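Just so we're aligned: 162 in the UniProt record's numbering is position 162 of the sequence shown, and the numbers increase by one with no gaps anywhere. Note that CB positions come from ideal geometry on N, CA and C, so glycine has one too. All values reported here derive from a predicted model rather than from experimental measurement. Below: one structure, written as structure tokens.
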Amino acid sequence: MTRWEQLGAALDAAPGTVSVWAGRPGAPPWYARLPDAPHYAASTMKVAVLAALYRAAEAAAVDLDAKVPVVNDFVSAAGDGELRYANDREYDDEHEVWDRLGGTAPVRWLARRMIVRSSNLATNLLLARVGKAAVAEVWRAAGATHSVTARGIEDYAARDAGLDNVVTAADLAALFAALYDGALAGPVATAEMLDLLAAQEWRVDLAAGLPAGVRVAHKNGWMTGVRHSAGIVYPPDAPPYVVAVCTTSDSGDDDAACRLVAEVSATVWEERAG
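Now the structure itself:
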């Protein structure tokens, strides 16, 4: 049994739906499993928001160094624009943005907190600034075919109205490949985005399957029953590759899901010359 077959058997035995896309940017995958299966996006949608923000900055529609009000009051994607929603501080894994509530923060700093600590509040502030149409254009430009960013985080009225954030492993891989290839922004903006993603501080899944010190520009997303991670891995002995893993189940065992994503990452690392 090959290493890929062993991985497939492990994924078959895992609860729920596990999707994988792994390979070099712009090339057919080395390994793919249910790559087009839809999953709730969780925080992986923040990568598309990041790209939309930097594209807007390149178009002079956003000043990354401008200070903006830090508020917790947003227009829902549902209804006629009169419905509003807010974030729950206890549901957020980042608190430095919350410490500035009622004050201001630079856009660039909010982008960093959105990625390196996965701030929900920063995400909604930036999404309100660039708009959902700009994020949809990022998905289109990346060649994604199923992924949608339809609402902000914790916009439950929109969720209940059937508007949700969806990703697939293939689309996440395409998004990271487009970032790597410079297809979404110019060289300076691309380098800054990749550096932000490489500074990611939540490293319990995809990064956990890699040897210490290996550069990986990635973003994960999680909630009960959901654990995703996708990114670009930079081996010292081979060209970079992209890997995206999405897991959705009713088990609620996030530790097991992290180990599963790490196992996928480790296998891809071992077989990267294939």
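According to the Cβ coordinates, are Ala48 and Ser19 closer than 7 Å?
no
Taking the Cβ atom as the reference point for each residue, do Ala266 and Ala244 lie within a distance shorter than 7 Å?
no
Is it buried or exposed for Gln6, if we count other Cβ within 10 angstroms and need 16 for buried?
exposed
Determine the closest residue to Leu121 out of Ala141, Arg100, Ala136 and Arg140, with distance taken between C-alpha atoms.
Arg100
Go through the segment 85-119 residue by residue and report every complete run of the beta strand (DSSP E) that reaches 3 residues or more, in order.
104-106
Minimum Cβ-Cβ distance from Ala199 to chain B less than 7 Å
Any reference to chain B falls outside this structure, which holds one protein chain only.
Every unbroken alpha helix (DSSP H) within the segment 174-222, with a cutoff of 4 residues, ordered by chain:
187-198
In whole angstroms, what is the alpha-carbon distance linking Leu179 and Thr190?
7 Å
Residue environment, Ala51, which counts as buried when at least 16 other CB atoms sit within 10 Å
buried
Would Gly152 and Ala174 qualify as a contact pair, given that the criterion is a beta-carbon distance under 7 Å?
no
Segment limits, beta strand (DSSP E) that includes residue 297:
Since the first residue of the chain shown is 1 and the last is 274, residue 297 is not available in this structure.
Per DSSP, the bridge partner or partners of Thr247:
Val18 and Arg227
Residues sharing a beta bridge with His39, DSSP:
Val167
Got a sec, what are the start and stop residues for the beta strand (DSSP E) Ala141 sits in?
Segment Lys132 to Ala142 is the alpha helix (DSSP H) holding Ala141; no beta strand (DSSP E) there.
To the nearest angstrom, report how far apart residue 282 and Trp269 are at their CA atoms.
As displayed, the chain neither begins before 1 nor continues past 274, which places residue 282 out of reach and without an answer.
Alpha carbons only, please: which of Ala212, Pro35 and Ala256 is nearest the one belonging to Pro236?
Ala212
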